[in-house]
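Numbering (this note's numbering), first residue to last: 25 to 581.
Quick look at the structure:
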């Protein structure tokens, strides 16, 4: 009896010492010695105890609480990832300071108004083209900066997948080791160090992807992600990356290697990165593209009806059409074309005589004769002193005869703007917008008037009104109003996500505090246990000494 007691109390001191030694070890789970009365025996009419026996050494862990901690870690990781992307996006927008897009738009339209007041001033023409170039550059620079955020998040995603796979491998490696040490669950003791390693790996994995686990009863665990498995009955599958194009970039996405299941929605750092990259940063690009497309489309629609101090001797449409037999409103052009027409003016450079031909754009859907690029080319090419053709890229090529130049006017169809003929801006989105090279090369081409000659400011005056005009494609908002609403929405969403992250962190800290109380090491409590086991050991030793003395007395009788 006393021998078993000494062994039990020595074991208790050893377990408490192990806890004290690991009090500051991250992720350590407190161990506890389980003691039971040893088997009793009967002597005559009496039943005697035989002392104490060690029934096992167990980690003190609350699996339900651990499950809540895993979920809370995943929620916080996802929210923190998205909050971080909001912060990066706000930093990019704030770095512009007074030179943000609202200011650039205002400066651009101020230059238009200045030219409207003095349409014949060459310096004001050049200033307008310069302001337009600055505006286009600001838009493309902003797009580039946001794309850099998306690319950096993409690299982080790839690193996290590697880390997640290493953690899955570690859990899968530890499972059989724990099973072997614990004899398939037959022992009443835990493989504490190995289990701690596995719990720590599981904790970190739960931050990266939403995982749940199930104890198999033999010391091993099965690990699940969403509705799929990562480790199951000794089988394992990792995560893999596959790429898809998204808004001009090749981006990485995640799925399982065997079942090809996609990363589930919800928690985890990977999900937060993907949502932040695609929905937050990508959503801003969508808004920026929308703003740019409506700026280009609305501005060019009005601009293309005007003419400059000189006309074009030759020009090539910006956009091509692959199916030259398709109706223009079904040919895949980025801007709408409707039933109407435009004026083609052939100007004699020597005399200034203007011959105007009305080019009809028939898109009424009747009689199967809607205007195609091929039919438009034929009609324009039939105009005296004009040559028209389609190049190998499906672009319309126009050239005036020697001594003549081409001007345009009164486009009610939108065909010129859609094709990119006689326009101010080239491109169609935030990644491609620019001022037409022909205008930068020769500012005299800038279309300020509408056929009225020197002093005619009708076209540029109409352009000046675009800034404050409600645009249907922007939900009835003006250009500056739409952009300011986008920036405001980002600020509000960033504040909301930051608040969510703070709330998630507070909840997690509450759970970790509960976990620390249950599974953590209290030096005071362990010191008390050591002292108790020490006194118990001393008492058991004293009992042995007493029995030894009694036996000595008996022997000497």
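Don't be surprised by glycine CBs; every beta carbon is placed ideally from N, CA and C.
- Query: In this structure, does DSSP put residue 372 in helix, strand or coil?
  - Reply: Three-state result, residue 372: strand.
- Message: Can you tell me whether residue 370 is buried or exposed? The criterion is at least 16 other CB atoms within 10 Å of its CB, across all chains shown.
- Response: The Cβ neighbour count for residue 370, taken over all protein chains shown within 10 Å, is at least 16; the residue is labelled buried.
- Can the beta-carbon of residue 475 be found closer than 7 Å to that of residue 433? Yes.
- Item | Pairwise C-alpha distance: residue 440 and residue 367 | The straight-line gap from Cα to Cα measures roughly 10 Å.
- Query: residue 456 by DSSP, collapsed to three states: which one?
  - Reply: Collapsing the DSSP output to three states places residue 456 in coil.
- Task: Assign residue 143 to one of two classes, buried (16 or more other C-beta atoms within 10 Å of its C-beta) or exposed (fewer than that).
- Result: With 16 or more other Cβ atoms within 10 Å, it is buried.
- Item | the segment 247 to 264 in contact with the segment 273 to 283 per 3-pair CB rule at 8 Å | Under the Cβ criterion (8 Å, minimum of three pairs), the segment 247 to 264 counts as touching the segment 273 to 283.
- Query: CA-CA distance, residue 418 and residue 250?
  - Reply: Rounded to whole angstroms, residue 418 to residue 250 spans 49 Å at the Cα level.
- In whole angstroms, what separates the C-alpha of residue 385 from that of residue 148? The straight-line gap from Cα to Cα measures roughly 34 Å.
- Task: State the start and end residues of the unbroken beta strand (DSSP E) segment that holds residue 55.
- Result: 55 to 61 is the span of the beta strand (DSSP E), which, as asked, contains residue 55.
- Range of the contiguous alpha helix (DSSP H) that encloses residue 539: Run containing residue 539: 503 to 543, per the alpha helix (DSSP H) assignment.
- Task: Mark residue 118 as exposed unless 16 or more other C-beta atoms lie within 10 angstroms of its C-beta, in which case mark it buried.
- Result: So residue 118 ends up on the exposed side.
- residue 40 beta carbon less than 7 Å from that of residue 550: For the 7 Å CB-CB criterion, residue 550 and residue 40 form a contact.
- To the nearest angstrom, how far is it from the Cα of residue 228 to the Cα of residue 159? If you take the alpha carbons of residue 228 and residue 159, they lie about 46 Å apart.
- Pick from 181, 63, 93, 88 that is closest to residue 531, judged by C-alpha positions: Ranking 181, 63, 93, 88 by CA distance to the CA of residue 531 puts 93 first.
- Message: Out of 450, 157, 358, which one is the CA nearest neighbour of residue 340?
- Response: Cα-wise, what sits closest to residue 340 is 450.
- Round the Cβ separation of residue 425 and residue 409 to the nearest angstrom and send it over; I've been treating them as touching at under 8 Å. Right, their Cβ atoms sit about 4 Å apart.
- Item | Reduced DSSP secondary structure (H/G/I, E/B, other) of residue 417 | DSSP places residue 417 outside both helix and strand once states are collapsed to three, so it counts as coil.
- Given a threshold of 16 other Cβ atoms within 10 Å of its Cβ, counted over all protein chains shown, does residue 164 qualify as buried or as exposed? Around the CB of residue 164, 16 or more other CB atoms lie within 10 Å, so the residue is classed as buried.
- Message: I'd like the list of long-range same chain contacts for residue 326, defined as Cβ closer than 6 Å, with 5 residues on each side in sequence excluded.
- Response: Only 486, 487 meet the Cβ criterion.
- Task: Give the range of the beta strand (DSSP E) segment to which residue 405 is assigned.
- Result: Boundaries around residue 405 are those of the alpha helix (DSSP H), 397 to 405, since no beta strand (DSSP E) includes it.
- Flag this pair as yes or no: are the beta carbons of residue 2 and residue 271 separated by less than 7 Å? The question about residue 2 has no answer, for the chain in this structure spans 25 to 581.
- Task: Starting from residue 338, trace the alpha helix (DSSP H) both ways and give me its first and last residue.
- Result: Looking at the DSSP string, residue 338 is not in any alpha helix (DSSP H); the run it does join, the beta strand (DSSP E), is 338 to 340.
- In DSSP terms, what residue 552 is bridged to: BP columns for residue 552 are empty, so no partner.
- Query: Do residue 293 and residue 3 come within 7 Å of each other at the CB atom, strictly closer than that value?
  - Reply: Since the displayed the chain opens at 25 and closes at 581, residue 3 lies outside it and no answer follows.
- Task: Ignore the nearest five residues each way along the sequence and tell me which others in residue 511's own chain have a CB closer than 7 Å to its CB.
- Result: Excluding positions up to five away in sequence, the list reads 117.
- When you compare each of 91, 62, 202, 503 to residue 219 by their alpha carbons, which one comes out closest? For the residues 91, 62, 202, 503, the minimum Cα distance to residue 219 belongs to 202.
- Message: Among 136, 561, 248, 226, whose alpha-carbon lies nearest the alpha-carbon of residue 190?
- Response: Here the closest residue by C-alpha is 226.
- Message: Please report the straight-line C-alpha distance between residue 396 and residue 316, rounded to a whole angstrom.
- Response: Residue 396 and residue 316 have their C-alpha atoms some 27 Å from each other.
- Along the chain, which unbroken stretches of the alpha helix (DSSP H) at least 4 residues long are found entirely within the segment 419 to 450? If one requires a minimum length of 4 residues, the alpha helix (DSSP H) runs lying completely within the segment 419 to 450 are 439 to 443, in chain order.
- Looking only at its own chain, which residues have a Cβ that is under 7 Å from the Cβ of residue 359, when we skip the five neighbours before and after it? Closer than 7 Å at Cβ, skipping near neighbours: 321, 438, 441, 442.
- Nearest neighbour of residue 233, chosen from 242, 244, 97, 284 [CA to CA]: The residue with the shortest Cα to Cα distance from residue 233 is 97.
- Would you report the Cα separation of residue 188 and residue 328, rounded to the nearest angstrom? Distance between the alpha carbons of residue 188 and residue 328 is about 56 Å.
- Query: Taking C-beta to C-beta, are residue 177 and residue 295 nearer than 7 Å?
  - Reply: When the beta-carbon positions are compared, residue 177 and residue 295 stay at least 7 Å from each other.
- By Cβ distance, which residues of its chain are closer than 6 Å to residue 553, with the 5 residues on each side in sequence left out? Excluding sequence neighbours, residue 553 sits near 40.
- Query: Which residue spans inside the segment 94 to 158 form an unbroken alpha helix (DSSP H) run of at least 4?
  - Reply: You should have 125 to 141.
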